[in-house]
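Residue numbers (my numbering), protein chains in the order written: chain A, 1 to 85; chain B, 86 to 296.
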């Protein structure tokens, strides 16, 4: 399946799981560790969305726990990026 | 004919596979429990019409667990006397029962100031709601109703009639200093408070025993 698309000013990275779920992330071209982030998001998805009894499969994910966990993950990656430079 | 060694009964042996090392006896993975509990909630949700009915079903599911846990722990501890005092049974629940079920003692046990018959057991990270986000249209529901059912079962089995309810209370800044048990999830915004309201006969009996 699609792994990575680089186009004008944007990078699109995709992770396809063995169960057929696709995780797609769009970012600026210079962002490092996109596939690592996708893997972390996969873990968060299986934790917050699949274990939540109020989440129905195939519906858009509106759970607070998932959104706040993804936000925290993005912040962690952001701070790590600035330290490297 | 007598045997030199007493055969271990099924009540003495921990559940789960032995031979995996002493640390994991009697322990199940949190994910397995989370998926099973999620299915339990979904099963009941498809069959009820209101939030309070769902909570009642979860509580009755936990009730049976409470009764059995009380018997098992009392048997394993080889206590010759059973608890008859209120504070003792509450301490038993918040330390022994919690430790055997969740691996740690409850975070605090408090007595209500306004009502003499109300006590509160607080847990900052109950495992039944670690992964649950209650949607806005089910605002009042607490997924920890299962645990309040367990507490009610233990109390009823010990002879203390009580009504136990679970509430999610927002955690204040700086109230909880331990690092979250799940490292990749953000710290929880609310704790679970189990309100235990004893019936009048229990309080009268306890007061009579005090003298």
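Each residue gets a CB set at the ideal place from its N, CA and C atoms; glycine is no exception.
Query	Result
Separation of residue 154 of chain B from residue 183 of chain B, as counted between CA atoms	10 Å
Reference residue 169 of chain B, options B/241, B/93, B/278 and B/95, closest by Cα	B/241
7 Å Cβ cut-off: residues of chain A touching residue 119 of chain B	51
Pair within 8 Å by beta-carbon distance, residue 369 of chain B and residue 238 of chain B	The requested residue 369 of chain B does not occur in the structure, where chain B is confined to residues 86 to 296.
Under the three-state DSSP convention, the category residue 54 of chain A falls into	coil
Cβ of residue 139 of chain B within 8 Å of any chain A Cβ	no
Alpha carbon of residue 130 of chain B to alpha carbon of residue 118 of chain B, nearest angstrom	18 Å
Residue 287 of chain B and residue 245 of chain B closer than 8 Å at C-beta	yes
Cβ-based burial, residue 6 of chain A [other Cβ within 10 Å; buried from 16]	exposed
Stretch pair the segment 245-259 of chain B + the segment 275-286 of chain B: three plus CB contacts closer than 8 Å	yes
Neighbour-count burial assignment, residue 199 of chain B, 16 or more Cβ in a 10 Å radius	exposed
Length of the line joining the Cα atoms of residue 55 of chain A and residue 236 of chain B	28 Å
Beta-carbon neighbours of residue 30 of chain A, restricted to chain B and to distances below 9 Å	Here the premise fails: no neighbours, minimum Cβ distance about 25 Å.
Neighbouring residues, chain A, relative to residue 127 of chain B (Cβ below 7 Å)	53
Distance CB(residue 207 of chain B)-CB(residue 222 of chain B) smaller than 8 Å	no
DSSP three-state assignment for residue 235 of chain B, whether helix, strand or coil	helix
Three-state secondary structure assigned by DSSP to residue 248 of chain B	strand
Cα-Cα separation, residue 195 of chain B to residue 36 of chain A	45 Å
Residues that residue 279 of chain B bridges to, as DSSP identifies them	B/206 and B/251
One or two residues paired with residue 256 of chain B in a DSSP bridge	Its beta-bridge partners do not exist; DSSP assigns none.
Residue 49 of chain A vs residue 41 of chain A beta-carbon contact at 8 Å	no
Three-way DSSP call (helix, strand, coil) for residue 106 of chain B in this model	Only weak support exists for where residue 106 of chain B lies, its pLDDT of 47 falling under 50; the value from the coordinates is given anyway. Three-state DSSP puts residue 106 of chain B in coil, outside helix and strand.
Spatial neighbours of residue 217 of chain B in its chain, beta-carbon cut-off 6 Å, leaving aside the 5 residues before and after	228
Per-residue contacts from residue 216 of chain B into chain A (C-beta, under 8 Å)	47, 48, 51, 52 and 65
For residue 193 of chain B, three-class secondary structure by DSSP	strand
Neighbour flag for residue 57 of chain A against chain E, beta carbons, 8 Å	Among the chains of the structure shown, chain E does not appear; the protein chains present are A and B.
Pair within 8 Å by beta-carbon distance, residue 39 of chain A and residue 15 of chain A	yes
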